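So the structure is just underneath, and the comments pick up after that.
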Amino acid sequence: MGLEDWFERGISFMKMAYIALRSGVYNLACFNAHQALEMFLKGLIVDATGSHPFTHSITELLEVLKKLGREVPEELFREAEWMEPHYILARYPARGVKPYTEGTAKRCIAAMELIVSLVERWSGREIPRGG
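Using UniProt numbering, the letters of the sequence shown correspond one by one to residues 1 to 131.
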């Protein structure tokens with residue numbers, strides 16, 4: 001899979017994040033936002049190295065890109081860390097976990113959009129938003 005394939009998947013997940021937000025399915029808005037970021041970042045890594053790390057951590061993927069010479073603002077690491085739990089928590093019910101709210105979903109979407117803006121700058125490509 002080349003960069004275009006990874007970005008195509010990322011765009012699909014991003015569209016689903018927006019649809020889930022509008023539909024009130026807030027946990028899936030967060031999960032799909034996380035997945036979109038994972039696809040975009042792995043695509044950049046594959047494009048640069050020919051392979052990708054086997055992780056779902058947005059933070060780890062940003063670290064890899066930083067090691068490859070990309071400038072990653074500290075703010076993006078904070079947003080990535082905030083997104084981390086949604087890969088699991090958005091899909092599995094757990095004792096003590098509060099239900100997802102519209103505010104949480106909007107925060108996930110905002111984090112996704114912020115990181116996608118950097119992906120656009122790095123790749124030189126405009127990524128269509130579905131929101």
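Note that beta-carbon positions come from the ideal geometry of N, C-alpha and C, so glycine has one too. These numbers were taken from a predicted model, which means no experiment stands behind them.
Between the C-alpha atoms of residue 28 and residue 77 there is a straight-line separation of about 22 Å. Burial state of residue 88 is exposed, judged by a 10 Å Cβ sphere holding fewer than 16 other Cβ atoms. Contact check between the stretch 32-44 and the stretch 110-125: three or more CB pairs, one atom from each, fall below 8 Å, which counts as touching. Put simply, the stretch 79-88 touches the stretch 48-58. At least three CB pairs are less than 8 Å apart.
The beta-carbon separation of residue 105 and residue 21, rounded to 5 Å, stays under the 8 Å limit for a contact. With a cutoff of 8 Å on beta-carbon distance, residue 130 and residue 18 are scored as near each other. Under the three-state reduction of DSSP output, residue 119 falls in the helix class.
For residue 15, the closest C-alpha among the options 30, 1, 4, 3 is that of 30.
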